[in-house]
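For the protein sequence lines, the chains are A and B, in the order given. Per our numbering: the first sequence = residues 1 to 290. Per our numbering: the second sequence = residues 1001 to 1359. Comments concern the structure below.
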Amino acid sequence: MNLFIEYSLVGLASGGMYALIALGFVLVFKATGVFNFAQGELMMVGAYVYLAVTQLLGAHWAFGLLATVVVGFALGALVERAVLRPLAGQPTLAIVMATVGLGLILKGTAGLIFGPDQRQLAELLPRKPVFLGDILIPGGVFWTFVVSVSIVSACLAYFRFTRGGVAMRAAASSQANAYAVGINVPMISAATWGLAASTGALAGVLLAALNSLTPHLGDLALAVLAVLIVGGLDSLAGVIVGGLVIGWLQAMTGAYLGGSWREVMPYIVVLLVLLVRPHGLFGRKEIERI
Amino acid sequence: MSLSKSLHLLGPRFGVLPLSHADAERRIDDPLRRAGLAALAAALVLLPFVANAYIVYMACLVAITVISVVGLNILTGYTGLLSIGHAAFNGVGAFACGVAATRWGFPFWLAIPFGGLVAAAAGILVGLPSLRIKGLYLAIATLAAQFIFLFVVQHWESVTGGDRGLQMPSPDLGFTRLDSDFKLYWLIVPVAVAMCFFASNLFRTRIGRAFVAVRERDYSAEVLGIDLLRTKLTSFALASFYAGIAGALMAYFFRVVNPEQYGFGASIFQLTAVIVGGLGSVLGSILGSLFMVAVPELLKEAVVFVAGADATKSAVFLASARELVFGVLIVGFLLLEPFGLAEVVRRVRARLAVWPFRS
């Protein structure tokens, strides 16, 4: 029983990380209706920016994080302006493939610059294990959970309480009405992309610090598809719940069915949820009669 | 030659005047096209005799890719159902064919269609959710199916051989074995040609038109009396059948079937070929496949030229350069030439039709 609780807690803790990764997808999808297959690569780029600033330039880690966030934001906004805006109104296929193409571009570029070797980031979060009662949780996992949940909550608060956040929500719910009340919708969507990319970049740094960094770091992001589908593609609260659910399920399948089931479980969940409740737990149900 | 006569010769599909019902019904309706196709057929027959082994190998590879990409185009380009898991159906076809050939001793002419049919069945299964979900959600479902497929073949070792895969025998004709690329060419290319003709004719039939109607506006299609579920499933089945045949041919061509060949990357590769070639165009699928098979080869030459002969270094470099180039191709074509190479061809033809005047 103790083992079960320990696995559960570790699973839930890693779910926080999934929530943070998924946040970037949800922000973009909510505001612009685009599912960004390049989100994982934006994470990877963020981690390399952090690596370059802290290790190659030898700067302080706080400065590295700042650079990561700023570069992430700029990259996200640039991508929106240069690729997604000209494709507005195109069929899903074009938009999906454009983001896939962007991902390949980022991955290829990172590979050309940094090579395929594994890199190790400096310790960012304390590694000392945390004890809850007599249950041990690895320090990296615990603190990553804390940081992830704080970032997601900060985003939630931003959307709820600030002027910019309300403008983003307005643009997401109806572009025409947002225009009508004088919101600069194109700027909002560029800013949303920027925000999503910078949260992604932070997620990338955390993820790379937990494991290691290669140009293929972004491939991990596809595993959070399940989080998104369970929570609903356009729900911020769903991200947290979905992250925790999937994190817990992964820990359980990993513990009781073996490591390979752990990898495939999210995709099975995706198919099941799509069949039963395509909009997820918290997503907005689109009215489609056919 | 009078001007009108030359217009007629130079203007495929442009300035063709059907004078009888038979004329109007002709599939290939102008002399230039007929001449072009005859020349192409002659070139395909002559190619293996004049080209070196490398070209023959590449030609087989292109032909297999064409089959698979035409299938994906039927589903994604013509029916408008985005699939990010097409390579999984290549894999289903390849493994079904491989198991049939190695374990049950099927001859190749039975094993290849068997691969296609099993893939078609798998396609219907994956297509079932398409009535409830569409667009992005369907794409995600096919993506999930892709990963689940990989998991199944990697872990169902008693049948698929796991990560080691299956070793394929050479196709046996009785009097000879097709054990070289030169011989396999005569199996692969005719199949590819036949399947391209089938696909381009399909869109002159009720079924093919129904696909296009579903793509354009699904509820209007239903109002017109098109059974949506049946049409979508037919499209999935056909596309997967094409993919399965391509996979089975791949199995015989590479002489080995293993899960690595049928991953997410291969699916994206085929989608790229569809986009580069042109959505909803069989000609586009052919051009796109040719282009996408040729690009990495040219890139290889370029990388060897730049990085020198250091094999390991250039292999590493090449993998990244390939990703970058594919990405640039996808984004570039979507932004600048969204209808792909087929549209370029159409424009050139339109220009030629009125040459030397400007259109």
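For every residue, glycine included, the Cβ atom is placed at its ideal position computed from N, Cα and C. Bear in mind that the values here come from a model prediction, so they are computed numbers and not experimental data.
- Chain-order list of chain B residues neighbouring A98/A: I1330, V1331, L1334 and L1335, by C-beta distance under 9 Å.
- Proximity of L125/A to chain B, defined by a Cβ-Cβ separation below 8 Å, is not satisfied.
- Only those residues of the stretch 76-91 of chain A whose C-beta falls short of 8 Å from the nearest C-beta of chain B are listed: V83, P86, L87, Q90 and P91.
- Spatial neighbours of W261/A in its own chain (CB-CB distance under 7 Å, excluding positions within 5 residues in sequence) are listed in chain order as T253.
- The beta carbon of H1086/B does not come within 8 Å of any beta carbon belonging to chain A, so the residue lies off that interface.
- With the criterion set as a beta carbon lying under 9 Å from some beta carbon of chain A, the members of the stretch 1262-1273 of chain B are F1264, I1268, L1271 and T1272, in sequence order.
- Secondary structure at I1124/B: helix, using DSSP grouped into helix, strand and coil.
- Interface flag for K107/A against chain B is set, since a Cβ pair is found closer than 8 Å.
- Taking a 10 Å sphere around the C-beta of M187/A, we find fewer than 16 other C-beta atoms and assign the residue as exposed.
- Taking 8 Å as the CB threshold, S260/A lines the interface with chain B.
- Within chain A, the residues whose beta carbon sits less than 8 Å from that of T1076/B are L93, listed in sequence order.
- Counted as a single uninterrupted DSSP element, the alpha helix (DSSP H) harbouring V1191/B occupies residues D1181 to L1202.
- Where I135/A is concerned, there is no enclosing alpha helix (DSSP H), although the beta strand (DSSP E) around it starts and stops at I135 to I137.
- Put simply, of V1045/B, V1348/B and A1319/B the residue whose alpha carbon is nearest the alpha carbon of A1059/B is V1045/B.
- Taking the C-beta atoms as reference points, G111/A is found nearer than 8 Å to P215/A.
- Just so you know, the alpha carbons of T1234/B and Q1167/B end up roughly 32 Å apart.
- Runs of alpha helix (DSSP H) with 4 or more residues, each lying fully within the stretch 25-106 of chain A, are found at 39-51 and 61-79, listed in chain order.
- DSSP lists no bridge partner for Q1261/B.
- L132/A sits in a strand when the DSSP states are folded into three classes.
- Taking C-beta atoms as the reference points, V28/A and T192/A count as a pair closer than 8 Å.
- A straight line joining the alpha-carbon of F73/A with that of D1218/B spans about 38 Å.
- Between the C-alpha atoms of F37/A and V79/A there is a straight-line separation of about 13 Å.
- A straight-line Cα-Cα distance of about 27 Å links W1109/B and L1037/B.
- By the criterion of a C-beta distance shorter than 6 Å, K107/A is surrounded in its chain by E41 and P215, once the five residues flanking it on both sides are discounted.
- Note on geometry: alpha-carbon atoms of D1179/B and A31/A lie some 56 Å from one another.
- Of the residues assessed, L1075/B falls on the buried side of the cut-off, its CB having 16 or more other CB atoms within 10 angstroms.
- E1025/B and A190/A have their C-alpha atoms spaced approximately 52 Å apart.
- A distance below 8 Å separates the beta carbons of L93/A and L1082/B.
- Using a CB distance below 8 Å, the part of the stretch 269-284 of chain A facing chain B consists of V270, L271, L274, L275 and P278, ordered along the chain.
- Per the coordinates, the alpha-carbon of P1018/B lies some 48 Å from the alpha-carbon of G1263/B.
- The beta carbon of A1144/B falls within 8 Å of a beta carbon belonging to chain A, placing the residue at that interface.
- For V1256/B, the three-state secondary structure derived from DSSP is strand.
- Measuring C-alpha to C-alpha distances from A203/A to each of F35/A, G11/A, Q39/A and N2/A identifies Q39/A as the nearest.
- R1132/B and A1321/B have their C-alpha atoms some 39 Å from each other.
- Flagged as an interface residue toward chain B: P116/A, by a C-beta distance shorter than 8 Å.
- Using beta-carbon distances, V1303/B does not count as an interface residue toward chain A, since no partner is under 8 Å.
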